[in-house]
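Line order of the protein sequences matches chains A and B. Residue numbering for the first sequence follows the numbering used here, beginning at 1 and increasing consecutively. Residue numbering for the second sequence follows the numbering used here, beginning at 1001 and increasing consecutively.
Number of protein chains: 2
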Amino acid sequence: MRNIKVTACYRGTKYHGFQRQNNAVTIQQIIEDNLSVILGGQKVVIQGCSRTDTGVHALEYCFSFQTEREIPLKGIERGLNSALPKDISILSCEEVDEDFHARFSCKGKEYIYKLHCSESPNPFMQDLAYHYRRKFNLALMQEECKAFIGTHDFKAFCSTGSDKDITVRTIYDFTVEQNGTEVIMRVSGDGFLYNMVRIMVGTLLWINEGKIPAGTLADIIESKDRGRAGKTALACGLYLNKVFY
Amino acid sequence: MRNIKVTACYRGTKYHGFQRQNNAVTIQQIIEDNLSVILGGQKVVIQGCSRTDTGVHALEYCFSFQTEREIPLKGIERGLNSALPKDISILSCEEVDEDFHARFSCKGKEYIYKLHCSESPNPFMQDLAYHYRRKFNLALMQEECKAFIGTHDFKAFCSTGSDKDITVRTIYDFTVEQNGTEVIMRVSGDGFLYNMVRIMVGTLLWINEGKIPAGTLADIIESKDRGRAGKTALACGLYLNKVFY
């Protein structure tokens, strides 16, 4: 049995996230349906590296699947790219060991969150960044975000409804950069709780707006109280950027 | 009478170009209709700096209009940004001399043309770049494009159907840059004929593909023969980038 790892990217605007659902169009379903045709009708289930929410994008997303078909990797890649809608793209396919699993083999991930900081909207970033009209204090955000780095219990940064018992995660790095009207927040870690990045971003923005005092992020983490963190930032600014194996 | 200069940007995908037409939705019409409401019902005609074709974008587009209404500039800007669809954005409004005219006062323009050079499509550049699947020879393109610079009769680079008698234009600069899969061609000049930038780009790409021999661009310009130049490149890669006054 061949085990195949696929790297893809997608614009999540039109989809109800990655994971297959009943009665909603998801990226997994679109890929599985098209892959099945390419594999000559084989029913195929792909294993994604992660769930993503409605409207969230991926610049690098990995999934894996098994097949006995002897179609060349380039044929799978080209076949999928011809068949898939233009908001989903296959970047590469490779053969991997049989014990590789896109989700369980994953050692960490990097997300970016994009803000368009300007009074005027940006017609080219519609659904691709959070349009933030307030003054953005870059130096403050670069200082505050450091509190996230390290191993912490991130229960305060997890939406209710999550099924995760263990809420301890390690954040490798968190940076904030600004280039003109575009701000990019970049966070990497060994794993992320439900809505964790979006709540981290929302909390930083509340600090930026003075709704949460500067210097209190470590206390909020320590409190494990979702009520003390900020609002969950909009999905459209979030991109899964890298998956580490 | 106040004379007001407005700088805007737009994603041209959904519009039949800038200029008002019967039976087709254009950017001019959308702006005029919304501006008229903001000006308390005054019928207003805006003067655009340039026509743009269906699907062409603008990162900086100027238009001007006259009004006797005493609405503050910030009010016009904010009013328009609240009312306009998200693919048209107002960047600034300023009061200018009564003899300023967005089209006739224009001293030159800069366009950029974006290519996405990769086998895989880019879900984030759909309708925003030309997806070019062939190998792109950057050094060759950087060398060849120099033939456009200077004052020439660009009749060979003008679509038929143009009403321009004088086809001499001065190109100030033409550059080609590549950053990963993104190629940007940048051209500035005192004026451009109908489809001129798209034909320049299409001709360079035919040289890249060997369909036109390298080193013959000066001859093609000299020939004034549209039949010797390349194909008109797709509209979706073209952006009006700057307008000089």
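Ideal Cβ positions, reconstructed from N, Cα and C, are used throughout, including at glycine.
Check                                                                                                                         : Outcome
Distance between beta carbons of B/Arg1226 and B/Cys1145, contact taken as under 8 Å                                          : So it is not a contact: roughly 19 Å between Cβ atoms.
Cβ shell of B/Glu1110 (< 6 Å), same chain only, five flanking positions each side left out                                    : Ser1188, Asn1241, Lys1242
Span of the alpha helix (DSSP H), counted from its first residue to its last, around B/Glu1222                                : 1217 to 1223
Inter-residue CB distance, A/Leu115 and A/Gly12 (contact presumed, cutoff 8 Å)                                                : The pair is not a contact, with the Cβ atoms about 17 Å apart (cut-off 8 Å).
Whole-number beta carbon distance between B/Ala1233 and B/Arg1198, since they are thought to touch under 8 Å                  : 5 Å
From B/Tyr1130, B/Ala1083, B/Val1096, residue whose alpha carbon lies closest to that of B/Asn1003                            : B/Val1096
A/Lys155, DSSP secondary structure in three states                                                                            : helix
Proximal residues to B/His1131 (C-beta, below 6 Å), its chain only, five neighbours per side dropped                          : His1116, Pro1121
Residue burial classification, A/Ile166 (beta-carbon count within 10 angstroms, cutoff 16)                                    : exposed
Straight-line gap, A/Gln178 to B/Gly1161 (C-alpha atoms, nearest Å)                                                           : 46 Å
A/Glu77: first and last residue of the uninterrupted alpha helix (DSSP H) it sits in                                          : 73 to 83
Three-state class that DSSP yields for B/Ala1129 in the structure shown                                                       : coil
Collapsed DSSP secondary structure at B/Cys1236 in the structure displayed                                                    : helix
Contact set between B/Gln1178 and chain A, taken where Cβ atoms lie within less than 9 Å                                      : Within 9 Å Cβ-Cβ: nothing; B/Gln1178 doesn't reach chain A, min ~18 Å.
Chain-ordered chain C contacts of A/Lys86 [CB-CB under 7 Å]                                                                   : The chain inventory of the structure shown lacks chain C, comprising the protein chains A and B.
Cα-Cα separation, A/Ile220 to A/Ala156                                                                                        : 7 Å
A/Glu32, enclosing alpha helix (DSSP H) - first and last residue                                                              : 27 to 38
Short-range partners of chain B found in the segment 87 to 105 of chain A, where Cβ spacing is below 7 Å                      : Asp87, Ile88, Ser89, Ile90, Leu91
Those runs of the alpha helix (DSSP H) which lie wholly inside the segment 158 to 209 of chain A and span at least 4 residues : 196 to 208
With 16 other Cβ atoms within 10 Å as the buried cut-off, status of A/Ser89                                                   : buried
Sequence-distant residues of the same chain with beta carbon closer than 6 Å to A/Leu39, five excluded per side               : Thr67, Arg69
Distance, B/Lys1005 Cα to B/Phe1063 Cα                                                                                        : 6 Å
Chain-ordered chain B contacts of A/Cys9 [CB-CB under 9 Å]                                                                    : Ser1120, Asn1122, Pro1123, Phe1124
Cα-Cα separation, B/Phe1065 to B/Ser1036                                                                                      : 11 Å
Span of the alpha helix (DSSP H), counted from its first residue to its last, around A/Gln142                                 : 138 to 144
Own chain partners of B/Gln1142 with C-beta closer than 7 Å, once the 5 adjacent residues on each side are dropped            : Val1176
Three-state secondary structure assigned by DSSP to B/Arg1002                                                                 : strand
For A/Lys14, the three-state DSSP class (helix, strand or coil)                                                               : helix
Where A/Phe100 sits in the DSSP three-state scheme                                                                            : coil
Contact with chain A by B/Asn1081, beta-carbon distance below 8 Å                                                             : yes
Collapsed DSSP secondary structure at B/Ala1008 in the structure displayed                                                    : strand
Identity of the residue in A/Asn208, A/Tyr245, A/Tyr239, A/Gln19 nearest A/Lys231 by Cα                                       : A/Asn208
Supposed contact pair B/Asp1087 and B/Lys1135 - C-beta distance, whole angstroms, cut 8 Å                                     : Incorrect: roughly 33 Å between the Cβ atoms, too far for contact.
Closest Cα partner of A/Tyr245 within the set A/Gly75, A/Phe104, A/Ile71, A/Asn23                                             : A/Phe104
Spatial neighbours of B/Met1001 in its chain, beta-carbon cut-off 7 Å, leaving aside the 5 residues before and after          : Gln1066, Glu1068, Glu1098
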